[in-house]
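Taking the working numbering, the leading residue of the sequence shown gets 12, the next gets one more, and so forth.
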Amino acid sequence: MKRVFSIGNPIKTDAALQEEIWQSVSAEQTMEHLPYLQVEETEEGYRFSYPLNDTTRIYGLGEQVRGINKRGFEYVSLCSDNPNHHENAHSLYGAHNFLVVSDGPCCFGLFLDTPSAVRFDCGFWNMDELVIHVPSKDMKVYFMEEDGLLEVIKAFRQLIGKSYVAPKWAFGYQQSRWGYMDEGDIRNVAKRYKELDIPLDAIYLDIDYMERFKDFTIHPERFPRFEELVADMKAEGVHLVPIIDAGVKVEEGYPVYEEGVALGHFCKNAAGEDFVVGVWPGFVHLPDMLEPDARSWFGHWYKVLLDKGIEGFWNDMNEPALFYSKEGLEQFFAYMHNLEGKNLDVNDVFGMRWMADNLANSQEDYKRFFHKVEGRMVPHDQVHNLYGYMMTRAAGEAFDEMEPDKRILLFSRSSYIGMHRYGGIWTGDNQSRWSHLLMNLQMMPSLNMCGFIYTGADMGGFGENSTEDLVIRWLGLSMFTPLMRNHAAIGTREQELYQFPHTDIMRNLVKLRYGLVPYLYSEYMKSILEETLMFTPLAFAYPEDARAAEVEDQVLVGESLMIAPVYVQNATGRYVYLPEEMTCYRFRSLEDYDVMELERGDHYLRAALGEVLVFVRPGHGLPLYTGNAGHVTEIPSYAECEGEGYAFLTGKGKNITYLLYEDDGISKAYSERKDWTPIHKQEDL
Ligand code: GLC
Numbered sequence: 012m013k014r015v016f017s018i019g020n021p022i023k024t025d026a027a028l029q030e031e032i033w034q035s036v037s038a039e040q041t042m043e044h045l046p047y048l049q050v051e052e053t054e055e056g057y058r059f060s061y062p063l064n065d066t067t068r069i070y071g072l073g074e075q076v077r078g079i080n081k082r083g084f085e086y087v088s089l090c091s092d093n094p095n096h097h098e099n100a101h102s103l104y105g106a107h108n109f110l111v112v113s114d115g116p117c118c119f120g121l122f123l124d125t126p127s128a129v130r131f132d133c134g135f136w137n138m139d140e141l142v143i144h145v146p147s148k149d150m151k152v153y154f155m156e157e158d159g160l161l162e163v164i165k166a167f168r169q170l171i172g173k174s175y176v177a178p179k180w181a182f183g184y185q186q187s188r189w190g191y192m193d194e195g196d197i198r199n200v201a202k203r204y205k206e207l208d209i210p211l212d213a214i215y216l217d218i219d220y221m222e223r224f225k226d227f228t229i230h231p232e233r234f235p236r237f238e239e240l241v242a243d244m245k246a247e248g249v250h251l252v253p254i255i256d257a258g259v260k261v262e263e264g265y266p267v268y269e270e271g272v273a274l275g276h277f278c279k280n281a282a283g284e285d286f287v288v289g290v291w292p293g294f295v296h297l298p299d300m301l302e303p304d305a306r307s308w309f310g311h312w313y314k315v316l317l318d319k320g321i322e323g324f325w326n327d328m329n330e331p332a333l334f335y336s337k338e339g340l341e342q343f344f345a346y347m348h349n350l351e352g353k354n355l356d357v358n359d360v361f362g363m364r365w366m367a368d369n370l371a372n373s374q375e376d377y378k379r380f381f382h383k384v385e386g387r388m389v390p391h392d393q394v395h396n397l398y399g400y401m402m403t404r405a406a407g408e409a410f411d412e413m414e415p416d417k418r419i420l421l422f423s424r425s426s427y428i429g430m431h432r433y434g435g436i437w438t439g440d441n442q443s444r445w446s447h448l449l450m451n452l453q454m455m456p457s458l459n460m461c462g463f464i465y466t467g468a469d470m471g472g473f474g475e476n477s478t479e480d481l482v483i484r485w486l487g488l489s490m491f492t493p494l495m496r497n498h499a500a501i502g503t504r505e506q507e508l509y510q511f512p513h514t515d516i517m518r519n520l521v522k523l524r525y526g527l528v529p530y531l532y533s534e535y536m537k538s539i540l541e542e543t544l545m546f547t548p549l550a551f552a553y554p555e556d557a558r559a560a561e562v563e564d565q566v567l568v569g570e571s572l573m574i575a576p577v578y579v580q581n582a583t584g585r586y587v588y589l590p591e592e593m594t595c596y597r598f599r600s601l602e603d604y605d606v607m608e609l610e611r612g613d614h615y616l617r618a619a620l621g622e623v624l625v626f627v628r629p630g631h632g633l634p635l636y637t638g639n640a641g642h643v644t645e646i647p648s649y650a651e652c653e654g655e656g657y658a659f660l661t662g663k664g665k666n667i668t669y670l671l672y673e674d675d676g677i678s679k680a681y682s683e684r685k686d687w688t689p690i691h692k693q694e695d696l
C-alpha cells in the first residue's frame with residue numbers, strides 16, 4: 012500500500028518523483044486514512060504517534076548518531092554545522108525524514124516531506140511511544156506498507172528516484188587534509204604515495220587553494236600553474252577535487268559577487284538588501300539556491316574549474332554554516348561592552364559564554380534572511396533544510412548541461428532527501444575516536460535507506476589526533492564504503508598513510524580495497540539501478556532471526572558479503588554472530604589470507620591489527636582482482652580480460668554464480684542486466 016497525503020500548502024521540495032502512481036488522499040481524509048498512526052493537530056503543526064512494544068524497531072533517518080535501530084532517542088531534522096557527533100547530538104548536517112517501523116509482521120515506512128525541523132521522538136520521552144512532531148501545517152506525508160523491510164525500502168527509493176552515480180575512479184583511495192597550502196604540498200602527497208606504492212586516485216583541495224576563500228578562484232601565488240598541476244596529476248592517475256563553499260565573498264571587483272548582486276541572486280534581508288553573514292572569507296552573501304535562476308547561475312560557475320581539467324567537487328558549509336551575521340555581531344559587541352568594568356557574577360559569565368557560543372549558526376539569524384520561492388519571499392528558517400540540497404542540485408543540473416555524457420564527482424555536507432539524485436554526501440566533521448568508527452558503520456545502512464549510496468566518513472577522523480591503530484582499523488571499514496577518503500583538520504596530527512611507521516600494513520589494506528573495487532562498484536550500481544541497499548542491516552536480510560535483529564556492529568555489503576570490523580582499541584579479535592553458515596576470509600593482504608568454514612551462531616574470531624574479516628554467504632561469490640593496480644583505471648574489466656587476474660572467492664555451495672556489473676565508469680551509459688557478466692565457480696564450469 013502506498014499513499015500520499017498533502018496537508019496545507021506544502022513547499023515544493025522535489026524530493027519525490029513518482030508520486031502519480033501513489034494513491035492520493037485529500038486533506039480532509041487525512042486523519043482516517045493514515046494507517047496505524049494517530050494524528051493530532053497541534054497549535055504549531057501535527058503530532059503523529061505510534062505505540063511501541065518490546066520488539067518494535069525503528070530504522071532510517073539517514074545521517075544521525077546512535078545505532079542502526081533508532082529506537083530510544085530523539086532525533087531532530089535540522090541541518091546543522093555540528094562537529095560534535097557525540098551520542099546525544101540530535102542533529103547533524105543532513106535532514107532525512109524517512110523512517111521505517113518494524114513491528115512483528117507489520118512494517119511500514121513514513122516520509123514527511125517538509126523542510127521544517129521535524130522531531131522524531133523514537134521512545135525518548137516515553138519508551139513505549141514513537142512521537143513525531145512536525146512544527147508546520149504544510150507538508151506531504153508518504154506512507155508505504157509492504158510485506159518486508161526491503162520491500163518498504165524499494166517502494167521508497169522508487170518514489171524518490173535513482174541515486175546519483177559517481178565516476179568509478181571515485182572508488183579509489185582518496186587523500187585530503189585541510190592544510191595543504193600550495194602546489195608543492197599537493198605534489199608531495201602524490202609523490203609520497205607513489206614512492207610507497209600505495210594506490211591513490213584523488214587528492215582534495217581544501218579552502219586554501221582559493222584566493223582568500225573566494226569560490227571559483229585560484230590562489231595565484233600558491234597555485235601559479237594550476238592547469239598544469241591538474242594535468243600532471245591526472246597523467247599520474249590522480250584527480251584533484253576542490254571544495255566549493257556556499258557563501259560568496261563580498262568584494263568589489265570579484266566577478267561572482269558583482270554578477271550575483273547585479274542579477275539579484277543573493278538572499279535578502281527584511282529590507283530587501285543582500286543579506287550579509289560571516290564565513291571563511293569574512294562577509295559573504297548567500298546565493299538563493301532555492302530560486303531556479305539563481306541556482307542555474309551558481310551552477311554554471313563550476314565551469315571555471317571544469318575548464319581547468321577538474322572532474323570532481325565537494326560542496327561545503329551549505330547548511331548554511333554561519334560564523335555570524337552583521338546583526339548578531341552588533342548585539343554581541345553591545346552585550347560585551349555592557350559588561351566591561353563590571354564585577355561579573357555567575358549570570359554575567361554564563362551569559363557571556365552563551366552569547367559567544369550562539370554567535371555561529373544562530374537560529375535567530377536563520378530568520379533574518381529570505382528566499383524567493385514561487386514568487387513569495389520566504390524566511391530562511393522555513394526552508395532551511397533545503398539549502399545544501401539546492402546548492403548541490405545547482406551543481407548537478409549545471410553538470411548535466413555542461414558535461415551531459417560525463418559523470419562528475421560531487422558530494423555535499425548538508426543534504427535533504429531529493430539531493431541523493433544530484434550527489435553523494437560525506438558525513439562531516441567527525442573525530443578521531445573509536446566510537447566514530449562504529450558510528451560510520453552504523454550510519455551506512457540508514458543513509459542507503461534514504462537514497463544516499465555514494466557516501467563515507469572522514470577516514471581516520473577529521474578532528475583530534477588520530478592514532479596509527481585507529482587509522483588501520485578505520486581502513487578496515489572504509490575499504491568497503493564507496494567514498495574512501497582520509498581527511499583531517501588543520502592543526503591535528505598528520506594522517507596521510509605515509510605519516511605512520513607501518514606503511515606495509517596500510518599498503519596491504521589499500522591494495523585489498525582495489526581488489527574489492529570490481530565487486531563494490533558492481534554492488535553499488537545494482538543498489539542504484541535496482542533500488543536496494545548496498546549496506547544491509549542483518550535484521551533486514553534475516554527477518555526471522557531475532558538475534559540478527561539486535562546486531563549493531565555487522566552489516567551485509569552487497570549480496571555476497573558480511574563485514575564485522577574491529578572498532579575497539581587493542582582488541583585482537585571480536586565476537587561475530589553468523590545468522591547462517593558462512594565462509595570467513597581473514598585477509599592480511601590480497602595474497603595472504605586464511606579461510607574458515609563457520610557454522611551459524613556465535614564465534615570469537617581473531618583479527619589482529621592489519622587483518623580484516625570478510626564473510627561470504629553460502630551460495631554467493633566474491634570476484635577479487637588480485638593484480639597490482641595503482642589506480643582504479645588500472646583494474647581491467649573482467650569481461651574484457653576474461654577473468655585473467657581475478658580470483659573468485661565463494662561461500663559454501665555448488666553452482667555458485669555471481670553477476671558482475673561493469674561499465675566504462677565515466678559515461679552515463681549504464682549497462683543493463685542482460686549485459687552483466689556471470690562469474691561461475693571454477694569446478695562447476
Ligand atoms: C568544514 C568541512 C571540513 C573542511 C573545513 C575547511 O569544517 O566540514 O571538511 O576541511 O570546513 O574547509
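Beta carbons are placed, not taken as given, at the ideal position from N, Cα and C, and that holds for glycine.
Under the 10 Å beta carbon count, Pro-235 is surrounded by fewer than 16 other beta carbons and is classified as exposed. Buried is the label assigned to Thr-688, since at least 16 other Cβ atoms lie within 10 Å of its Cβ. Within the stretch 228 to 305, the beta strand (DSSP E) runs of at least 3 residues that lie entirely inside it are, in chain order, 250 to 256, 288 to 290, 293 to 296. By the CB criterion at 7 Å, Asp-193 and Asp-256 fall outside the cutoff.
For Phe-167, the enclosing alpha helix (DSSP H) stretches over residues 160 to 171. Cβ-Cβ distances below 6 Å link Glu-156 to Met-12, Phe-119 in the same chain, with the five nearest sequence neighbours on each side left out; the list follows chain order.
Ile-214 has its CB no nearer than 6 Å to any heavy atom of the ligand GLC. Of all alpha-carbon atoms in Thr-228, Gly-172, Glu-505, Asp-368, the one lying nearest the alpha-carbon of Asp-25 is that of Gly-172. Excluding the 5 residues flanking it on each side, Leu-89 has same chain C-beta neighbours closer than 6 Å at Ser-102, Ala-128, in chain order.
Cβ contact annotation for Phe-410 (same chain, cutoff 6 Å, sequence separation greater than five): Ile-419, in chain order. In this structure, Asp-193 has its beta carbon at no less than 6 Å from each heavy atom of the ligand GLC. A contact between stretches requires three or more CB pairs, one per stretch, nearer than 8 Å, and the stretch 61 to 76 fails this requirement with the stretch 366 to 379. Around the beta carbon of Lys-679, fewer than 16 other beta carbons lie within 10 angstroms, which makes this residue exposed.
A distance criterion of 6 Å places the beta-carbon of Asp-243 beyond contact range of the ligand GLC, judged by its closest non-hydrogen atom. The three-state secondary structure of His-107, taken from DSSP, is coil.
Between the stretch 304 to 315 and the stretch 327 to 347, the count of C-beta pairs closer than 8 Å stays below three; the two stretches do not touch.
Spanning the alpha carbons of Ala-177 and Gly-434 requires a straight line of approximately 8 Å. The beta carbon of Tyr-509 is closer than 6 Å to those of Arg-203, Leu-207 in its chain, skipping five residues each way along the sequence. Beta bridge pairing from DSSP links Asn-20 with no other residue.
Counting other Cβ atoms within 10 Å of its Cβ, Ala-273 stays below 16 and is therefore classed as exposed. Here Ser-457 is actually not in contact with Gln-169; their C-beta atoms are around 19 Å apart, not less than 8 Å. Per the Cβ contact rule, the stretch 311 to 323 is in contact with the stretch 229 to 249 (3 or more Cβ pairs under 8 Å).
When distances are taken from the beta-carbon of Ile-255 to the heavy atoms of the ligand GLC, even the shortest one reaches 6 Å or more. By the criterion of at least three beta-carbon pairs nearer than 8 Å, the stretch 604 to 617 is not in contact with the stretch 637 to 655. DSSP lists Val-112, Glu-156 as the beta-bridge partner residues of Phe-119. The Cβ atoms of Gly-399 and Ser-426 sit closer than 7 Å to each other. CA-to-CA, the gap between Glu-475 and Gly-502 works out to about 8 Å. Judged by pairs of C-beta atoms under 8 Å, the stretch 439 to 455 touches the stretch 482 to 496, as three or more such pairs exist. Relative to the Cα of Ser-336, the nearest Cα in the group His-296, Phe-309, Asn-349 belongs to His-296.
DSSP lists Gln-186, Met-470 as the bridge partner or partners of Asn-497.
With a cutoff of 7 Å on beta-carbon distance, Ser-147 and Ile-464 are scored as not near each other. Residue state for Phe-344 is assigned as helix, using DSSP reduced to three classes. Ranking Tyr-86, Tyr-588, Ala-106 by CA distance to the CA of Phe-135 puts Tyr-86 first. When distances are taken from the beta-carbon of Ile-197 to the heavy atoms of the ligand GLC, even the shortest one reaches 6 Å or more.
Taken through DSSP and simplified to helix, strand or coil, Gln-442 comes out as strand.
Under the criterion of beta carbons closer than 8 Å, Val-152 and Ile-18 qualify as touching, at roughly 7 Å.
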